[in-house]
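S.K.:
Residue numbers (UniProt numbering): 1 to 215.
Next up, the structure:
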């Protein structure tokens, strides 16, 4: 095994170990690398500097992903009941429209997609609000999310499609679910997966840079 391959393998193992230990350990590792770069940036070889900067970026993305996951779990518990009943109602309305051979079921489809795909990291805005809920969430909030979900629907980027819902598919408990671009960092907008899943690609790029350096 080459030194490059050994080091890359160790980096991945080290990163996975840190990530699996939770947000606090990720924060400590971020501080360690930032201190190292602040003190020795001018003296570090270019290959090591690139490696540390990529490592740091990955850790920041993982930290943000962990924070989003914790927020998703918090809101999942808080809004469990209302989401359960709204999913049930939206599904009933959609099935009724199909049974009645309704010509245009777009409204029912969108409401079904809303109930099942509403961003887990956001405070849930009721689709069929009671008087109390109407006062706590203005119609513009509901419209904002309806429009956002409709956009993802058109682009086929929703976690769950109509077909998925009808077949009983659900998002995993640990999945963040839909991310609304206005409320998340740019680096996470196009990737709903943990940054660690992209580490191997980053390491491959790093090895390519090293090959160029030593040629």
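Ideal Cβ positions, reconstructed from N, Cα and C, are used throughout, including at glycine.
Alpha helix (DSSP H) containing residue 70: first to last residue?
M.R.: Taken as a continuous stretch (DSSP letters only), the alpha helix (DSSP H) holding residue 70 covers 46–78.
S.K.: Could you check the C-alpha separation between residue 31 and residue 91 for me, to the nearest Å?
M.R.: Roughly 48 Å between the two C-alpha positions.
S.K.: My output table needs one value for residue 20: the three-state DSSP class, helix, strand or coil.
M.R.: The answer is helix: DSSP assigns residue 20 an H, G or I state.
S.K.: Residues in the same chain with beta-carbon distance under 8 Å from residue 41, minus the five sequence neighbours each way, listed in chain order, please.
M.R.: Cβ within range, chain order: 49.
S.K.: Relative to the C-alpha of residue 145, which candidate in 167, 111 and 159 has its C-alpha closest?
M.R.: It is 111.
S.K.: Can you confirm whether the stretch 16–27 touches the stretch 62–78 when touching is taken to mean that 3 or more C-beta pairs between the two stretches lie within less than 8 Å?
M.R.: Yes, since at least three Cβ pairs between the stretch 62–78 and the stretch 16–27 fall closer than 8 Å, the two stretches touch.
S.K.: Counting Cβ pairs, one atom from each stretch, are 3 or more of them under 8 Å apart for the stretch 146–156 and the stretch 96–103?
M.R.: Contact between the stretch 146–156 and the stretch 96–103 is absent, because fewer than three Cβ pairs lie under 8 Å.
S.K.: Rounded to whole angstroms, what's the CA-CA distance from residue 131 to residue 34? Just pull it up for me.
M.R.: Between residue 131 and residue 34, the C-alpha separation is close to 51 Å.
S.K.: Short of 7 Å in beta carbon distance, which residues of its chain neighbour residue 193, apart from the five on each side in sequence? Order them along the chain.
M.R.: In this predicted model, residue 193 has a pLDDT of only 49, less than 50, meaning its place in the structure is not dependable; the value taken from the coordinates is given anyway. The answer is none, since no qualifying residue turns up.
S.K.: Considering just the uninterrupted stretch of the alpha helix (DSSP H) at residue 163, what are its terminal residues?
M.R.: 162–166 is the extent of the alpha helix (DSSP H) around residue 163.
S.K.: Suppose contacts are defined by Cβ-Cβ distances below 8 Å. Is residue 169 in contact with residue 160 by that definition?
M.R.: Yes, the Cβ-Cβ distance between residue 169 and residue 160 is below 8 Å.
S.K.: Under the rule that 16 or more other beta-carbon atoms within 10 Å means buried, what is residue 53, buried or exposed?
M.R.: When all chains shown are included, residue 53 counts as exposed.
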